[in-house]
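Colleague:
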Amino acid sequence: MIPTFRFAPSPTGHLHLGHALSALSVWRAAEAAGGRVLLRIEDIDPIRSKPDYAAAIEEDLAWLGLAWDGPVTRQSERMAFYAEALARLDARGLLYDCRLSRADIAAALGENAPRDPDGAPRLPVPGANPSDPAGPAARRLDMARALAALGRAPLTFEEEGEGAVHARPEDWGDVVLARKETPTSYHLAVVVDDAAQGVSHVVRGRDLRRATDVHRLLQELLGLPAPRYRHHWLIPAADGAKLSKSRGAPSLRALRAEGFSRDDVIRALGPL
């Protein structure tokens, strides 16, 4: 079986140096393993995802000298598969509707509420009443029921260089698996697509390492295979936070316009 890797950016802005680091890490790992790389556009956000950004992603990867295997997959074209996975979880009583806004959650839990690994208040919210009980609902995973359904077997994932790592999905609380504005979430879509595409190795940034806890839980609940993982270092911004589109990180297109070459970008990244 050919080792299969994937690069899966969101078309919500132009690629920057952090994306270049991730992309080159994926392609070099695939080359070392004698594997292939798939390109998946994670465009489930109907508001922020733009076709022009998706086209720019392909142009920037080509400029970096990176070619992928097979056609590009777009998550916006795979909603039926996510709905089927949700239905399977729902049939087991593992989902519930949640109409709570962020303000509702903050008011109900208070400033000292337990936080998930991303720093958001961790649900469930005992006794909270939604501000709009008739509005659209997100679908959340009932974490307590999901863990009970999993049984007592330890939940782990294979991290390159570390071996088996203990996963703690309970730290995330009742995660959203389908949002009010779109019928899926990152957590659900990524595990469904990795399994469908036969992805055997996931190489991505350290900021997503803790998300693997939720992904391993969903893989077990849905009977999906677990890839091997490698979470690479991140390029910090001047203030120490990770580079991001929202914080104005210079795009590869802007660097190219300033005269940077592909080799200049690779040298700027340092060791991969």
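Take the position in the sequence shown, starting the count at 1, then add 30; the result is the number in the numbering used here.
In this text, a Cβ means the ideal position worked out from N, Cα and C, and glycines have one as well.
Report all residues from its chain with a CB closer than 8 Å to the CB of L238; omit the five preceding and five following residues, and keep chain order.
Modeller: If we look at L238 and ignore the five residues flanking it on each side, its Cβ neighbours are H261.
Colleague: Roughly how many angstroms lie between the CA atoms of A117 and A183, to the nearest whole one?
Modeller: Each residue's Cα considered, the two are about 25 Å apart.
Colleague: Considering just the uninterrupted stretch of the beta strand (DSSP E) at F35, what are its terminal residues?
Modeller: F35 -> beta strand (DSSP E) spans T34 to F37.
Colleague: Let me know if H196 comes out buried or exposed under the rule of 16 or more other beta-carbons within 10 Å of its beta-carbon.
Modeller: Exposed, since its Cβ has fewer than 16 Cβ neighbours within 10 Å.
Colleague: Would you kindly work out how many angstroms separate the C-alpha atoms of R58 and R36, rounded to a whole number?
Modeller: C-alpha separation (whole angstroms): 12 Å.
Colleague: Which two residues bound the contiguous alpha helix (DSSP H) that contains R175?
Modeller: Its alpha helix (DSSP H) spans residues M173 to L180.
Colleague: Of the residues V155, L282 and H231, which one's Cα is nearest the Cα of G140?
Modeller: Checked all of V155, L282 and H231; the closest Cα to G140 is V155.
Colleague: Could you round the C-beta distance between D204 and D172 to whole angstroms and report it? I think they count as a contact, below 8 Å.
Modeller: With a Cβ gap of about 6 Å, D204 and D172 count as contacting.
Colleague: Can you tell me where the alpha helix (DSSP H) with V56 in it begins and where it stops?
Modeller: Note, V56: alpha helix (DSSP H), L47 to A63.
Colleague: Are G235 and L264 touching if we call contact CB-CB under 8 Å?
Modeller: Contact: yes.
Colleague: Note down the Cα distance separating L251 from L153, rounded to an integer number of angstroms.
Modeller: Cα to Cα, the separation comes out at about 20 Å.
Colleague: Tell me the rounded alpha-carbon separation between L207 and P160.
Modeller: Cα-Cα distance, rounded: 18 Å.
Colleague: State the Cα-Cα distance for the pair D90 and I74, rounded to the nearest angstrom.
Modeller: About 21 Å.
Colleague: Look up I71 in the DSSP assignment and say whether it is helix, strand or coil.
Modeller: Residue state, collapsed to three classes: strand.
Colleague: For T26, report the span of its beta strand (DSSP E) as first-last.
Modeller: Residue numbering for the chain in the displayed model covers 31 to 302; residue 26 lies beyond these limits and cannot be assessed.
Colleague: Going by the CB atoms, is the gap between G253 and Y34 shorter than 8 Å?
Modeller: Just to set this straight, residue 34 is Thr in the shown sequence, not Tyr. No.
Colleague: Which whole-angstrom value is the C-beta distance of T214 and Y112, which I expect to be below 8 Å?
Modeller: Rounded, the Cβ-Cβ distance is 4 Å, consistent with contact.
Colleague: Taking the alpha helix (DSSP H) that H245 falls in, what are its first and last residues?
Modeller: Note, H245: alpha helix (DSSP H), A241 to L252.
Colleague: Buried or exposed, going by whether 16 or more other CB atoms sit within 10 Å of the CB of D291?
Modeller: The amino acid at residue 291 is misidentified as Asp; the sequence shows Ser. By the 10 Å Cβ count, S291 comes out exposed.
Colleague: Measure the alpha-carbon distance for D293 versus A86 and round it to whole angstroms.
Modeller: Roughly 19 Å between the two C-alpha positions.
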